[in-house]
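Residue numbers (this note's numbering), protein chains in the order written: chain A, 264 to 561; chain B, 35 to 377.
Before any comments, here is the structure.
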Amino acid sequence: MSVAESLLQTVAGLFPGTSKVAEDSIAEIEDEIDSRLHRIPTHLNAYGYDAFGFNPDAARRALVITALLYRYWFRVETHGIDRLPQGRMLLIANHAGQIAIDAGMIGTAMVLEAEPPRIIRGMGEYWLPTVPWLNIAMVRTGSVVGTRKNCVDLLETDECVIAFPEGVRGMNKLIWERYQLQEFGYGFMRLALETHSPIVPIAVVGSEEQAPAIANLRGLGRLLGMPAFPVTLTWPWLGPLGLIPLPVKYHIHFGEPIRFEGNPNDEDEVIAEKVEQVKERIAVMLADGLAARRSLFW
Amino acid sequence: MARGSIDAPGRRATRGPAARDATAVDSSAGSLRAGARPGEKILITGIAGGQGQLIARRLARTYVLTGVDRSPWEDHPPEISVHVLDLRKRKMEDIFRTERPDAVVHHALIRHFRVEPRVRHEVNVLGTKLLLEYCVAHGVKRVVVLSSSYVYGALPDNPYYVDEEYPLNVSRTYPEIRDLAEVDTLCSTFLWRHPEIATTILRPVSILGPHVSSSMAQYLRTRFVPTIMGFDPMMQFIHEEDVAEAVAVALQSGTHGIFNVVGPGAVPLSVAIEQTGGTAVPIPEPVARLVFGQLFNLGFYHVPPGAFDFVKYPCTLDGRRFRTATGFAPQHSLEDTFASVRR
């Protein structure tokens, strides 16, 4: 029995009569994920691993959990996912919400709704490989340490890499800064130019309200060895329960792919101009998405 | 640069002359010169070990061989002359005088810890230095050195597919084998200082096979294989015969430069242990360091604790340069390679 199943059954057990329904819907989701994972264009060796340690069996276990969140907690709607190019691409999105649920939801959308289904390849922080078990989970589900070489190699094997150029600056913004894009890093643009990869701008609407932060105690975070220490309406007041995000409705907007040409080693000014175009595109998509949304929760 | 292929089996770069033309690059990136002609005289150092014998048998098909080793090779083929000799001895130069080799394959490196660290360091570093000097003094035309992937070190922020430009970081976390990095550096300096000699440094990944006794082969051959709890890095392996083949390919193609040599692909450590018939025994890292560290200090265990990083973090290599330059492709699949050491 998977973690998701036991978790859901425990919850369902609290409400008699719902247990059967929960079991059915999990079986359904598992079948769906299975059939879609069979169609990913990632090359696996005889033992079921790709060249970067990705393994569909491990990914399936993680996807059952994220798919349940996707369907029933955040009720994600995608817009324009049919615009995705084939082959290599670099997904660039806004980043928010204190914990990287936005990445999980985009990743789930790419498996459940993209044609063909794709595995997103995340660029992990440098300390992640030193954490027991977490390092295995990260690699088996398709992510790698975010070195330049890893990113180039993934794109050159026609994989789909995701990057959040706002980084932690975006992740830990406060509630009154929501949907205000923070400064973008330039690295992604150089990599796109070097590997001739199209950039797909993505605007995630919903994530920026999932855990409204009212303060970020950076000093305390530094003491605890964390990049930030956000204070939200529920965290740290409610303990671990305070980590549960609000059931906001997610809208993920996929923009037209943008192709850039140029010298990847140009000076910052030249690269910055191209980065600004991507940032503006996402800002417009965010504004449109916010205007079209009926409410925070449905 | 070959696109869309790293080391995934089934996506190999094209072989043959077409691939060869694409490598008109500077020597650091690996270039080609005139290859060794059949009948050339080749001196192999470290000929009596498992891998040395395999290289000798492979090269004996095409070339005239002489070998040196600190230990004798009892039943060596009669057409190969074998000298029992330490590289550091004066008599080594006499062999260059009398045998007049056209090429040298350097494989005489101590890779285990059963000798004193001082001896190991001296044999490896001083031995290599003297050997290279003899090569210059006696008009050797080509040199192939068998270094190893371990010189890059296993670090948490290693990319998958480390290329030949990557720094040799092993001494940061595993100082006991820094002599191997020194040998490698000594040879790369030689490569630059003596452009008249076609020098090739091969850095193969972990070698497995019935005849070699590499640390990795010994580690995987135990019934219960200790691993570090919560870590399961991707690893690459190559069959011993493919390593011998890589040496032959390097000689024949006239390579000049540094080349990673990779096998048929990568799998997690846990899969390698399972496929070679062992059982992984995950041990929490602090316990492993304490227990194995003490055993090593007392002389009961021959692998220093620095080696743990190689079963925690990846040290996987990008093999495109060698493949593109020479068309080399391993003949043994991962299944074959594991089967060759299955208990």
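Think of the CB as a built atom: it goes at the ideal place given N, C-alpha and C, for glycine as much as any other residue.
Small disclaimer: the values here were computed from a predicted structure and weren't measured.
Query	Result
Going by C-alpha to C-alpha distance, which of B:207, B:192 and B:206 sits closest to residue 200 of chain B?	B:192
Looking at the unbroken beta strand (DSSP E) that takes in residue 103 of chain B, where does it start and where does it end?	98-103
Taking C-alpha atoms, which residue in A:502, A:414, A:329 and A:383 lies nearest to residue 450 of chain A?	A:414
Please name the residues in the region 285-313 of chain B whose beta-carbon is closer than 7 Å to at least one beta-carbon of chain A, in chain order.	299, 300, 301, 302 and 305
Please list the terminal residues of the continuous alpha helix (DSSP H) segment that includes residue 368 of chain A.	364-375
Closer than 7 Å by C-beta to residue 552 of chain A: which residues in its own chain qualify, once you throw out the five before and the five after it? Chain order, please.	466, 468, 514 and 516
Here's the rule: buried if 16 or more other CB atoms are within 10 angstroms of the residue's CB, otherwise exposed. What is residue 361 of chain A?	buried
Classify residue 125 of chain B: buried if its beta carbon has 16 or more other beta carbons within 10 angstroms, exposed otherwise.	exposed
Using three-state DSSP, classify residue 327 of chain A as helix, strand or coil.	helix
How should residue 347 of chain B be labelled, buried or exposed, when 16 other C-beta atoms within 10 angstroms of its C-beta is the threshold for buried?	buried
With residue 534 of chain A as the anchor, note down where its alpha helix (DSSP H) starts and where it stops.	531-555
Suppose the cutoff is 6 Å on Cβ atoms and the five residues either side in sequence are ignored; what does the same chain contact list for residue 368 of chain B look like?	298 and 299
Hey, out of B:266, B:294, B:268 and B:370, whose CA is closest to residue 236 of chain B's CA?	B:294
Among A:542, A:485 and A:483, which has the Cα closest to the Cα of residue 464 of chain A?	A:542
I'd like to know if residue 112 of chain B contacts chain A, where contact means its C-beta is closer than 8 Å to some C-beta of that chain.	no
Skipping 5 residues on each side, what residues in its chain have a beta carbon closer than 7 Å to that of residue 549 of chain A?	357, 442, 466 and 468
Please decide whether residue 512 of chain A counts as near chain B, where near means a Cβ-Cβ distance under 8 Å.	no
Can you tell me the Cβ-Cβ gap for residue 310 of chain A and residue 305 of chain B, rounded? I've got them flagged as a contact below 8 Å.	5 Å
Quick check on residue 314 of chain A - is its C-beta less than 8 Å from some C-beta in chain B?	yes
Is residue 298 of chain B helix, strand or coil by DSSP?	coil
Any C-beta of chain B sitting closer than 8 Å to the C-beta of residue 392 of chain A?	yes
Name, please, each residue of chain A whose Cβ falls closer than 8 Å to the Cβ of residue 195 of chain B.	314, 412, 413 and 416
Any Cβ of chain B within less than 8 Å of the Cβ of residue 526 of chain A?	no
According to DSSP, simplified to helix, strand and coil, what is residue 522 of chain A?	coil
Look at the alpha carbon of residue 377 of chain B and the alpha carbon of residue 273 of chain B, and state the distance between them as a whole number of angstroms.	16 Å
Does the region 402-422 of chain A come into contact with the region 385-394 of chain A, if we say contact requires no fewer than three beta-carbon pairs (one atom in each stretch) closer than 8 Å?	yes
Mapping the DSSP letters down to three states, classify residue 213 of chain A as helix, strand or coil.	Missing from the structure shown is residue 213 of chain A; chain A here goes from 264 to 561 and no further.
Contact between the region 65-79 of chain B and the region 120-139 of chain B: three or more CB pairs below 8 Å?	yes
In terms of alpha-carbon separation, which member of B:321, B:198 and B:278 lies closest to residue 365 of chain B?	B:278
Taking Cβ-Cβ distances below 9 Å as the criterion, which residues of the region 377-404 of chain A are in contact with chain B?	389, 390, 391, 392, 393, 394, 395, 396, 397, 398, 399, 402 and 403
Residue 238 of chain B lies in the beta strand (DSSP E); which residues open and close that run?	232-238
Mapping DSSP to helix, strand and coil, what is residue 149 of chain B?	coil
Suppose you measure from the CA of residue 210 of chain B to the CA of residue 330 of chain B; what does that come to, to the nearest Å?	12 Å
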